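In our numbering, the protein residues as written are 25 to 324.
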């Protein structure tokens with residue numbers, strides 16, 4: 025019970041941190057420099073420029089409509105975290121956009137000012153992706169396109185970054201419909217979207233990176249038991265022949281997350297310092313304990 029409560033508290037603390045980074049990317053870097061990126065926040069920024077109604081009201085209104093879809097498709101617990109992130113985002117957009125917080129604006133005369141404007145979309149896109157990545161890893165979302173990206177990724181093997189960059193092309197291009205905006209505004213928006221896509225995929229997929237490990241050891245039985253019991257990973261013993269010695273031997277095949285690789289190597293070394301280990305990246309691993317196969321087909 026205590027562990028579960030601790031996990032819940034950690035989830036919301038990290039979601040809060042991710043939300044803060046997400047809002048700072050917009051309030052401090054993108055919006056003050058008239059850089060319009062994609063997503064619901066990008067749509068809100070365009071509507072703000074067209075109507076004068078603050079971004080946070082557009083952001084909240086659009087997300088309230090889309091939140092119903094999140095509840096139906098992505099589950100109740102996700103919905104609660106999403107509601108929290110949306111409300112917190114709305115509050116932070118209003119607070120960080122106030123006069124009292126003007127010192128956080130990346131504009132001339134302020135501490136965060138960046139003289140090279142091309143760096144603004146790079147910094148903004150990276151911060152936005154890191155913040156959103158943290159939120160999504162903990163099972164949350166800032167709403168809008170985040171919800172649609174996760175719904176699509178739930179049924180089809182399309183990375184969130186690829187989904188975002190596809191929809192962002194249309195959203196960013198629509199800035200030309202506003203008076204006083206030109207082609208260079210689109211370029212800055214696309215730079216933001218490109219950086220956002222790459223960094224988001226890195227944050228989300230980095231923790232899922234998988235490697236295939238082949239272990240050659242005379243102590244294969246002891247190693248296999250140790251990996252099974254201590255590391256809680258499956259092991260397959262393959263039969264092989266050492267061609268130099270013409271002796272039959274077992275080769276252990278183990279699939280682990282990259283984050284577990286160091287623990288596995290240390291375990292092998294502790295059991296057999298003379299073991300021979302080969303590590304090969306595995307781009308896609310589907311099955312129990314790893315990723316679910318997503319084909320878009322309904323299960324019978």
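Think of the CB as a built atom: it goes at the ideal place given N, C-alpha and C, for glycine as much as any other residue.
As the structure is a computational prediction, the values presented were derived from the model and not from experiment.
Query: Terminal residues of the alpha helix (DSSP H) in which residue 158 lies; Result: 143 to 161
Query: Whole-Å CB distance - residue 149 paired with residue 61, under 8 Å assumed; Result: 7 Å
Query: CA nearest to the CA of residue 14, picked from 160, 75, 84; Result: With the chain represented from 25 up to 324, any question about residue 14 goes unanswered, as that position is not in the structure.
Query: Close beta carbons around residue 35, own chain, < 8 Å, minus the five adjacent residues each side; Result: 105, 162, 163, 164
Query: Where residue 142 falls, given that 16 or more other Cβ within 10 Å makes a residue buried; Result: exposed
Query: Limits of the unbroken beta strand (DSSP E) element including residue 237; Result: 234 to 240
Query: Cβ neighbours of residue 301 in the same chain (closer than 8 Å, five flanking residues each side left out); Result: 237, 238, 239, 240, 289, 292
Query: Expected contact under 8 Å - CB spacing of residue 51 and residue 121 to nearest Å; Result: 5 Å
Query: Alpha-carbon to alpha-carbon, residue 273 and residue 177; Result: 42 Å
Query: Where the beta strand (DSSP E) containing residue 281 begins and where it ends; Result: 271 to 281
Query: Cutoff 7 Å; reference residue 154; Cβ partners in own chain excluding five residues on either side; Result: 45, 223, 227
Query: Beta-carbon separation (whole angstroms), residue 338 vs residue 86, contact threshold 8 Å; Result: In this structure the chain extends from 25 to 324, so residue 338 is not present and cannot be described.
Query: Option nearest residue 279 by Cα separation, candidates 306, 58, 196, 211; Result: 306
Query: Distance, residue 218 Cα to residue 89 Cα; Result: 27 Å
Query: Residue 292, enclosing alpha helix (DSSP H) - first and last residue; Result: 285 to 295
Query: Other residues of its chain near residue 182: CB distance less than 6 Å, five sequence neighbours each side excluded; Result: 176
Query: Beta-carbon proximity list for residue 214, same chain, < 7 Å, skipping 5 on both sides; Result: 196
Query: Distance between residue 173 and residue 258 (C-alpha atoms, nearest Å); Result: 32 Å
Query: Residue 147 versus residue 110 - alpha carbon distance; Result: 23 Å
Query: Cut-off 8 Å between Cβ atoms - residues of its own chain near residue 56, not counting five sequence neighbours on either side; Result: 129, 130, 131
Query: Pair within 7 Å by beta-carbon distance, residue 74 and residue 200; Result: no
Query: For residue 261, the first and last residue of its enclosing beta strand (DSSP E); Result: 260 to 266
Query: Own chain partners of residue 118 with C-beta closer than 6 Å, once the 5 adjacent residues on each side are dropped; Result: 80
Query: Separation of residue 30 from residue 38, as counted between CA atoms; Result: 12 Å
Query: Residue closest to residue 82, alpha-carbon to alpha-carbon, out of 115, 245, 59; Result: 115
Query: Within 7 Å, strictly: CB atoms of residue 248 and residue 276; Result: yes
Query: 7 Å CB neighbourhood of residue 261 in its chain, flanking five on each side removed; Result: 244, 248, 274, 276
Query: Under the three-state DSSP convention, the category residue 305 falls into; Result: strand
Query: Cα-Cα separation between residue 205 and residue 212, rounded to whole angstroms; Result: 12 Å
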